[in-house]
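Quick note: the sequence shown uses the numbering used here, first residue 33, plus one each step. For glycine and all other residues, C-beta sits at the position ideal for the given N, C-alpha and C.
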Amino acid sequence: MEPDQVVALFIKGKLAASKKLVHECIDDGEDVELILKKLIKAMELVGDQFAAGDIFLPEMMVSARCMQACLAILKPLLNKGQGSDGEIVVIGTVKGDLHDIGKNLVAMMFEGGGFEVIDIGVDVPAERFVQAALEHKARLVCLSSLLTSTMPYMRQVIDAFKASPIAAQVKIMVGGAPVNQDFASKIGADGFTLDAGTAVKKAKELLQMT
Ligand code: B1M
């Protein structure tokens with residue numbers, strides 16, 4: 033499977049064919065993490081085509097649907113067999129932002145890593161993050177943002193935690209395509225990870241579980 037081949041299926045919304053391709057790769061013994069990497073690369077290429085004006089919103093939407101169906105196939109195979117640590121993580125995409133594929137992938141990795149995941153969805157206001165962390169007694173909160181216009185809202189979420197009674201108990205991690213370590217440090221996040229694969233490791237370091 034090559035990312036270009038996936039892109040061709042995704043932008044035409046070929047759901048069944050996309051799923052079939054992933055199943056075939058699994059049956060052929062291809063490494064699951066490699067399949068995942070290629071799917072993520074394909075979505076990046078979809079984004080590039082959108083930015084270049086070669087495809088439009090409907091193609092991005094059907095691509096997202098195909099990607100989600102492919103991830104559902106990989107989910108039971110990722111991070112299989114790691115022990116449960118019983119830690120709770122609250123995760124959501126910040127207010128104004130509807131992108132959730134990356135967030136869902138991070139959530140999937142946390143589940144695989146033994147965390148209990150409280151996924152509070154997309155377009156989440158700061159107070160909802162605080163409320164969920166309080167309600168579930170979470171020690172970790174993860175914020176996702178895919179838009180440069182919604183990145184600054186992450187600071188508002190962090191500030192809301194700082195002003196809350198649980199400020200000292202909660203660690204906040206941020207991520208998403210436009211986010212980097214420099215930005216994360218500037219807004220006062222406790223941690224940043226580039227991708228879903230390293231999120232669990234970083235979380236365990238922050239929570240001193242390693
Ligand atoms: Co949107 N979109 N989109 N989009 N979209 C981008 C982000 C964009 C870069 C495309 C482009 O122009 N090249 C661009 C943003 C440009 C910018 O901000 N400067 C863009 C735009 C402009 C828009 C709209 C404004 C378009 C419009 O309406 N005109 C609109 C905004 C809607 C809104 O949110 N308010 C919009 C809408 C959409 C769809 C709804 C069609 C769809 C999303 C569907 C969905 O998510 N359910 C969509 C898609 C699919 C994309 C692209 C093509 C793919 C995103 C994706 O799923 N990638 C994207 C292009 C791109 O990113 N290059 C694009 C795969 C995913 C696995 O990667 O999400 O990066 P990612 O997650 C990674 C890491 O970032 C990290 O781990 C993940 C896995 O390794 N990570 C975390 C993510 N969250 C984390 C949290 C953590 C840690 C790590 O916590 C600790």
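Between residue i and residue j, which are expected to be in contact by the criterion C-beta below 8 Å, what is the C-beta distance as a whole number of angstroms?
i: residue 93; j: residue 67; result: With a Cβ gap of about 23 Å, residue 93 and residue 67 do not count as contacting.
i: residue 138; j: residue 228; result: 4 Å
i: residue 186; j: residue 149; result: Not confirmed; about 19 Å, so no contact.
i: residue 157; j: residue 180; result: Incorrect: roughly 19 Å between the Cβ atoms, too far for contact.
i: residue 55; j: residue 133; result: Their Cβ separation, rounded to whole angstroms, is 20 Å, which puts residue 55 and residue 133 out of contact at 8 Å.
i: residue 238; j: residue 223; result: 5 Å
i: residue 153; j: residue 177; result: That pair is no contact at about 14 Å.
i: residue 124; j: residue 147; result: That pair is no contact at about 15 Å.
Taking its Cβ as the centre, do 16 or more other Cβ atoms sit within 10 Å of residue i, making it buried, or is it exposed?
i: residue 164; result: buried
i: residue 225; result: buried
i: residue 30; result: In the structure as shown, the chain starts at 33 and stops at 242, and residue 30 therefore has no counterpart that could be examined.
i: residue 130; result: exposed
i: residue 143; result: buried
i: residue 182; result: buried
i: residue 52; result: exposed
i: residue 216; result: buried
i: residue 116; result: Low per-residue confidence applies at residue 116: pLDDT is 48, beneath 50, and the placement is therefore not dependable enough to give any value.
i: residue 145; result: buried
i: residue 118; result: exposed
Run through the DSSP bridge pairs and tell me what residue i is partnered with.
i: residue 125; result: 176
i: residue 149; result: 121
i: residue 205; result: 174, 223
i: residue 156; result: 126
Under 8 Å: do the stretch 202 to 221 and the stretch 39 to 47 share three or more Cβ pairs, one atom per stretch? No, because fewer than three Cβ pairs between the stretch 202 to 221 and the stretch 39 to 47 fall closer than 8 Å, the two stretches do not touch.
Take every Cβ of the stretch 99 to 111, pair it with every Cβ of the stretch 180 to 194, and state whether three or more of those distances are shorter than 8 Å. Inter-segment contact for the stretch 99 to 111 and the stretch 180 to 194 is absent: fewer than three beta-carbon pairs are separated by less than 8 Å.
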